[in-house]
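Structure, as C-alpha cells:
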Amino acid sequence: MSSYQSTFKQSVTDPATFWLEQSKQIDWFTPPSIAIQSDENGIERWFPDGELNTAYLALDYHVENGRGDQTALIYDSPVTGKKAQYSYRVLRDQVATTAGMLSELGVVKGDRVIIYMPMIPQAVFAMLACARLGAIHSVVFGGFAPNELAVRIEDAEPKVLLTASCGIEVSKVIPYKPMVDKAIMDSRWKPEHVVVYQRPEVQASLDQERDADWAALFEKATAHDCVPVKATDPLYILYTSGTTGKPKGVVRDTGGHAVAMKYSMSTVYNVSPGEVYWAASDVGWVVGHSYIVYAPLIHGCTTILFEGKPVRTPDPGAFWRVCDEYNVSVLFSAPTAFRAIKKEDPDGQEIQNYPMTTLRTIFMAGERLDPPTLEWVELHTGKPVVDHWWQTETGWAIATNPIGLESFVTKPGSATKPTPGFDVQILNETGQACAPLEQGFIAVERPMPPSCLATVWRNHDRFESGYLSQFPGYYVSGDGGYIDEDGFLFVMGRIDDVINVSGHRLSTGEMEEILGGHEAVAECAVVGAYDELKGQVPLGLVVLKDGYFSNQGDIEKALVKKVRDEIGPVACFHRAVIVDRLPKTRSGKILRRIIRQIADGESYTIPSTIDDPASLEDVSNAIG
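Taking full-length UniProt numbering as reference, the numbering of the sequence shown is continuous, increasing by one, and the terminal residue is 624.
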C-alpha cells in the first residue's frame, strides 16, 4: 500500500485508534483516554474526557518550548501603509492582556463575544483572548450590513461586542460604529458592553453607558491565565448561509478542532514549524479562523494578516510582493483572487518582479477552481497549485492532494482524493452508492473526523434535518459531484440554492426574501449565474404586481439597493431583471436550475412537468 492508502484506510476503518494517536501531537492539560463517544443526541464527539486550551496551544506552549522570539504574526496593511510583527512571546502577552480586559467586563467561560472587526491585529488578539478565557467567539465579517449583524447578535446573545471605528477598503473608509449601533437597536438582544478600537482614520462616538474605548480598557487590564475547557466545549460559532435565509451557527468543538488543525498543517499543507504560512483570506470566514489564526499558530508557524486586496493595493503584484518580502512557503487563497490578478495582469508581468524563492505550493479553495485559472497560475508562477475542497461546517479539507503524505498527479477540475478521516461517498437519491463517474450527492460516512460541526447553535433539529436526515449514517455536504475510476473526487456545485460569490457562501433564499419585501414585487427567484471573475454572481428575476411599472429602471435600481443595504456589498447583487412570469412546474416549484442554465448560455431540456413552456422564452429574452 502507498503511504496515502494505508493512512486513509486506517483512518476510516479504525478512526478511534487513528485519531487518538493524532491527539498526542498536541499538549493537553488532561490527555483524552476516549477517542469518540456519542452524546445525548446520538452525535459522535471527539476526545470527551480531554481538557485543553486552544490559546495555550497557539501561544504559551511555544513560548515555554523555545519559540518565544520567533515571529508569530506579521501584519501587512497596504491600505494604511502600516506593517508590524509580533513574536510568540509578545503575541501571548497581547492576548493575555486582552483576555484580562474581557474578564474585567464580566466575560467568563461559556459566554459569547461577537467580534466585528477589520483585518487588524486586535481582531486576532480578540479571538485568541476569547479562547484563553473559554469564552465562545463569533466573528462577523466587517462588511456585513446592520441587519446581518443584528441576526447574529440575536442568535448568539453575546455579553460583549468588540469592534473598531472603521474598516478601510481600496478607495474608501467604512465607519463601523453606526452599523453596530443600528444592529443593536434592531436586535432583541442587547450586549452589555461594546468595546471600540479607535483607528486614526475615523473616531467613533461612544455611548457613555454602554460603550468603552479599547485602548483605555487595555491599558488598565492585567494578564489572564488560560482557562481549561473540555474538548467538547465550543471554541467558536461561525454563521454560514442557509437556504431559509436565516444563518446557521456552526459550532466548533475545541479539542477536535485543535487536533485536526495540527494534523492538517503537515498532511494537507506539508509545512513545518518555523515556516511562513499565508492564508490570504479574512478572519470573518472559516479560512481565516482555521488558517490565519489557529492552525499556523498551533503548528508553530509564522502567519500573515493582510489588510488589502489581490489587486489595487496598489497593483496586481500585491500577493507576489508579500510572498517574496516575508519568505512565504505556502500561499492559500480563493480562485477568485487569482482571477482578479489575471484580469489586471494577463501576461503575469508583475510576477517577474518577485523571485519568491521560498514559495513551494499555492493552495486554492472556497469555490470551484476552473482549469484556465489553475493553468495560468502554474504557468506564470512556476509553482504547483493544489485544489482542495472543504466547508465552513468541516473547518478543514474534505478532499485534497495530500502532499504531506504522498503527492498525486492532479486532474484539472478535481480536488484529488478524500483527506484521511473523510470517508467520502457519492449517493443517488435513494441513498445507494453511485458507480464511478456517476453524479450524485456528495456525502461523508459517519463518524465525521475531528473539527466537523456536531450541532447548529441552539437549533439541533436544524442540524439533523439539514445534514443528517436525508441519508441515515451519512453527513450530506449539499454539493453534487462524482468520483472517477482512479478515486479522484470532482465537485460540481451546490445542490441547494446557496451560491458561491468570490468564495463566500450566500443564500439565494435570503436575497429572495429581501426582493419579495419590496412593495412592487409579486414573486421572484435568485440564481447564481456564472461570472469569470467571481465564480458566481446573483441574478434576480422578479415579477411585478399588477399596476406597477418600472420607469427607466427605477424599480430594478431600488431592488439592487435594497439587497445591498440589507446584506451588504459582499452580496455582489448588481442585476435585477423584470419578467412577466417565472418558469415553474405544475406543482408551483420554480425551475431555478433551468434559469441558471439560461443565464449561463447552456443548453437545457424542457421538463415534462413544466406548467408554461413559453415562460422559458420570456426569461431568455429578459436576460438577453
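For every residue, glycine included, the Cβ atom is placed at its ideal position computed from N, Cα and C. Everything numeric in this text was worked out from a predicted model, so none of it was measured.
So what does DSSP say about residue i, is it helix, strand or coil?
| i | result |
| --- | --- |
| F488 | coil |
| N621 | helix |
| A279 | strand |
| G35 | The amino acid at residue 35 is misidentified as Gly; the sequence shows Ala. A35 falls in the coil class under three-state DSSP. |
| K248 | strand |
| V227 | coil |
| C130 | helix |
| K343 | helix |
| A529 | strand |
| P121 | helix |
| V194 | strand |
| Y482 | strand |
| H137 | strand |
| K177 | helix |
| D76 | strand |
| S23 | helix |
Which stretch, first to last residue, makes up the beta strand (DSSP E) that contains residue i?
| i | result |
| --- | --- |
| I578 | 575 to 578 |
| Q85 | 82 to 87 |
| V160 | 160 to 164 |
| Q536 | 535 to 544 |
| A558 | Unbroken run through A558 is the alpha helix (DSSP H), 554 to 566; no beta strand (DSSP E). |
| T303 | 302 to 306 |
| E44 | 44 to 46 |
| D387 | 385 to 387 |
| S507 | 504 to 507 |
| H460 | Element bounds for H460: not the beta strand (DSSP E) but the alpha helix (DSSP H), 460 to 463. |
| T13 | It is not in any beta strand (DSSP E) - T13 instead sits in the alpha helix (DSSP H) that spans 3 to 13. |
| D211 | 211 to 213 |
| E40 | First-last for E40: undefined, no H or E at that position. |
| Y116 | 112 to 116 |
| E64 | From DSSP, E64 is part of no beta strand (DSSP E) but of the alpha helix (DSSP H) over 61 to 64. |
Assuming the contact rule is C-beta atoms closer than 8 Å, residue i and residue j should be a hit. Round their C-beta distance to whole Å, please.
| i | j | result |
| --- | --- | --- |
| V124 | L305 | 6 Å |
| G134 | V227 | 4 Å |
| L57 | D93 | About 17 Å; that fails the 8 Å criterion. |
| P48 | A260 | Contact doesn't hold; Cβ gap of about 16 Å is too wide. |
| R446 | Y482 | Actually they are not in contact, since the Cβ atoms of R446 and Y482 sit about 21 Å apart, beyond 8 Å. |
| A150 | A129 | Incorrect: roughly 24 Å between the Cβ atoms, too far for contact. |
| L544 | V619 | At roughly 15 Å, the Cβ-Cβ gap does not stay under 8 Å, so L544 and V619 are not in contact. |
| A55 | V95 | 6 Å |
| W214 | Y236 | Going by Cβ atoms, the distance from W214 to Y236 rounds to 20 Å, so no, they are not a contact pair. |
| L506 | V563 | The pair is not a contact, with the Cβ atoms about 10 Å apart (cut-off 8 Å). |
| R210 | V195 | Not quite, the Cβ-Cβ distance comes to about 10 Å (not below 8 Å), so this is no contact. |
| R592 | A525 | 6 Å |
How would you write the range of the alpha helix (DSSP H) that residue i sits in, first residue to last?
| i | result |
| --- | --- |
| W320 | 318 to 325 |
| H257 | 254 to 267 |
| P372 | 371 to 381 |
| Q597 | 592 to 599 |
| L149 | 146 to 156 |
| I298 | 295 to 299 |
Flag this pair as yes or no: are the beta carbons of residue i and residue j separated by less than 7 Å?
| i | j | result |
| --- | --- | --- |
| T336 | V170 | no |
| W278 | V328 | yes |
| residue 648 | G308 | One cannot answer for residue 648 here, as it falls past the ends of the chain, which runs 1 to 624. |
| V501 | Q470 | no |
| L533 | R339 | yes |
| S87 | D60 | no |
| A145 | E566 | yes |
| T240 | V250 | yes |
| H257 | S103 | no |
| P32 | G50 | yes |
| D324 | Y354 | yes |
| R575 | S615 | no |
| Y176 | V140 | no |
| T400 | C452 | no |
| Y604 | I590 | no |
| E367 | G503 | yes |
For residue i, would you say it is in contact with chain D, using Cβ-to-Cβ distances shorter than 7 Å as the test?
| i | result |
| --- | --- |
| E148 | In the displayed structure, chain D is absent; only one protein chain is listed. |
What I want to know is whether the C-beta of residue i ends up closer than 6 Å to one or more non-hydrogen atoms of the ligand GTP.
| i | result |
| --- | --- |
| L506 | Among the components modelled here there is no ligand, and therefore nothing to report on the ligand GTP. |
For this session: Could you say if the segment 603 to 620 and the segment 183 to 202 meet the contact criterion of at least three C-beta pairs nearer than 8 Å?
Result: no
Problem set entry | Three CB pairs or more closer than 8 Å across the segment 385 to 395 and the segment 284 to 291 | yes
Exercise. Any contact of the segment 412 to 425 with the segment 8 to 20, i.e. 3+ C-beta pairs under 8 Å?
Worked result: yes
Problem set entry | At least 3 beta-carbon pairs within less than 8 Å: the segment 144 to 160 vs the segment 545 to 556 | no
Problem set entry | Three CB pairs or more closer than 8 Å across the segment 100 to 115 and the segment 354 to 371 | no
Problem set entry | Inter-stretch contact (C-beta, 8 Å, three-pair minimum) for the segment 480 to 490 and the segment 265 to 276 | no
Exercise. Counting Cβ pairs closer than 8 Å, one from the segment 434 to 441 and one from the segment 230 to 241, do we hit at least three?
Worked result: no
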